[in-house]
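The structure appears right after this line, and notes come after that.
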Amino acid sequence: MRKEWILVGLGAAFLAIGCGDEKGPVSGVANAAAPAAPVQPQPATPKATEPGNASLSVSGPIIVEHQVDLTAQRDGILEKIYFDAPARVRAGTLLAQLDDRQIKSNLEAARAKTRSIAADLKNWQAEAEVLKSDYVRQQHLMELGLTSQEQLEHAKYKAESDQWDILRVTETLNTAKEEEHSLELELEKTKVTAPFNGLIARRYVREGQNVPKGERLFWVTAEAPLLVRFTLPEKFFGKMRNGQTVEVNCADAPAEKHLAKVKQVSPVVDPSSGTFEVLVELMGDRGSLRPGMTALAHLENSH
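So this is what it looks like as structure tokens:
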């Protein structure tokens, strides 16, 4: 009887423990997290690398065809500077002058030598006429039997020898003239002139400076026509043609809209970058655009 009461007590204890572990009903509305709002897909922004886009914008530098650093063509002291930045000059305008006194002296000596050789040539030519006359006289005497064959041949060979002397002096005169012309070219190198109509963008030297051959003197640039060079991915190869019109503006002046005409399209694709070059020329007033600025070209991408 005692064992039965012990078993009943143990069963009641186990039953109490099992009931304590049960959880009450939980409201799903009160404790569940609120569902996230559905994400609406955003429209894709056109990219320059996708040929299916409606438009394409690429950047490139504004350049001009004529732009050059003028360098000294010979050693010398810069004697005089006539124009400075930002002067506008025309082709052939004298910008600066190197010391040319030594070249002028050498040129005058060469000209005097040329004149001397020319006078010597005239002397040989006059002597040739005399020898020719002697030879003709000997021929007449030979016909009359008043001279010998030896005297006739002597007059003949002397006249022929004089012709060779004339040829020698003529070549000497040609050499002297070429030396004179060479010095004239060296004299021209002392004059720094503008190669085309444009603007002096920068001066690198000052008066009295001893400049070596190849030293930069001026940076001269044309102001028009303005060109924009940019590259496109190879997917656009064949879609750009000469004469096609594009719109161009600059980030510093976004309100200005310019039209440009395609001037040149590269016939090949660069294998290292997978791109090809396009060159466009701006039409009409350039506004605030200047060489060296970065421009944006807006292209209509036709399917």
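Each residue of the sequence shown is one higher than the one before, counting from 1 in the working numbering.
Yeah, the Cβ is synthetic: ideal placement off N, Cα and C, and Gly gets one too.
What you are looking at is a predicted structure, and each value in this text was computed from that prediction instead of being measured.
With DSSP collapsed to three states, give me the class of residue i.
{"i": "T49", "result": "With a pLDDT of 40 at T49, under the threshold of 50, the modelled position of that residue is not reliable, and the figure given next carries that caveat. In this structure, T49 counts as coil in the three-state DSSP scheme."}
{"i": "T147", "result": "coil"}
{"i": "E281", "result": "strand"}
{"i": "K156", "result": "helix"}
{"i": "E184", "result": "helix"}
{"i": "F276", "result": "strand"}
{"i": "Q97", "result": "strand"}
{"i": "N210", "result": "strand"}
{"i": "K239", "result": "coil"}
{"i": "E179", "result": "helix"}
{"i": "E300", "result": "strand"}
Do residue i and residue j have their C-beta atoms closer together than 8 Å?
{"i": "I77", "j": "D100", "result": "no"}
{"i": "K122", "j": "Y135", "result": "no"}
{"i": "K191", "j": "R74", "result": "no"}
{"i": "D69", "j": "R286", "result": "no"}
{"i": "D162", "j": "L131", "result": "yes"}
{"i": "A260", "j": "V228", "result": "yes"}
{"i": "A110", "j": "E179", "result": "yes"}
{"i": "K263", "j": "E247", "result": "no"}
{"i": "Q125", "j": "I166", "result": "yes"}
{"i": "R202", "j": "A85", "result": "yes"}
{"i": "H66", "j": "F196", "result": "yes"}
{"i": "V58", "j": "L232", "result": "yes"}
{"i": "T114", "j": "K177", "result": "yes"}
{"i": "Q102", "j": "E79", "result": "no"}
{"i": "R90", "j": "A222", "result": "no"}
{"i": "G284", "j": "P61", "result": "no"}
{"i": "A72", "j": "V211", "result": "yes"}
{"i": "V265", "j": "N242", "result": "yes"}
In the DSSP output, what is residue i paired with across the bridge?
{"i": "F218", "result": "L70 and R203"}
{"i": "P61", "result": "T294"}
{"i": "T190", "result": "Partner(s): none; T190 has no beta bridge."}
{"i": "A258", "result": "The amino acid at residue 258 is misidentified as Ala; the sequence shows His. Beta-bridge pairing links H258 to V248."}
{"i": "G198", "result": "V89"}
{"i": "A253", "result": "C250"}
{"i": "L56", "result": "L299"}
May I have the straight-line CA-CA distance separating residue i from residue j, to the nearest angstrom?
{"i": "L95", "j": "V64", "result": "21 Å"}
{"i": "T49", "j": "I200", "result": "Below a pLDDT of 50, predicted positions are generally treated as unreliable, and T49, at 40, falls in that range; no measurement from the model is reported."}
{"i": "L296", "j": "N106", "result": "56 Å"}
{"i": "T275", "j": "F230", "result": "10 Å"}
{"i": "R290", "j": "E234", "result": "29 Å"}
{"i": "N174", "j": "K104", "result": "20 Å"}
{"i": "V278", "j": "E300", "result": "15 Å"}
{"i": "P267", "j": "F237", "result": "9 Å"}
{"i": "P225", "j": "K239", "result": "24 Å"}
{"i": "T170", "j": "T93", "result": "38 Å"}
{"i": "P254", "j": "L183", "result": "55 Å"}
{"i": "P355", "j": "H298", "result": "Outside the displayed range of the chain (1 to 303) lies residue 355, so it cannot be described from this structure."}
{"i": "T172", "j": "K189", "result": "26 Å"}
{"i": "D120", "j": "S133", "result": "20 Å"}
{"i": "E143", "j": "L152", "result": "11 Å"}
{"i": "N249", "j": "I81", "result": "38 Å"}
{"i": "V280", "j": "F83", "result": "32 Å"}
{"i": "T294", "j": "E108", "result": "53 Å"}
{"i": "H181", "j": "E160", "result": "32 Å"}
{"i": "S273", "j": "L185", "result": "46 Å"}
{"i": "L146", "j": "H140", "result": "9 Å"}
{"i": "Y204", "j": "S288", "result": "26 Å"}
For residue i, decide whether its Cβ has a neighbour in chain C, counting only Cβ atoms nearer than 8 Å.
{"i": "E143", "result": "No chain C appears in the structure shown, which is made up of a single protein chain."}
For the beta strand (DSSP E) containing residue i, list its first residue and its last residue.
{"i": "E79", "result": "G76 to I81"}
{"i": "V269", "result": "Careful: V269 lies outside any beta strand (DSSP E) and carries neither H nor E."}
{"i": "F230", "result": "L226 to P233"}
{"i": "L289", "result": "First-last for L289: undefined, no H or E at that position."}
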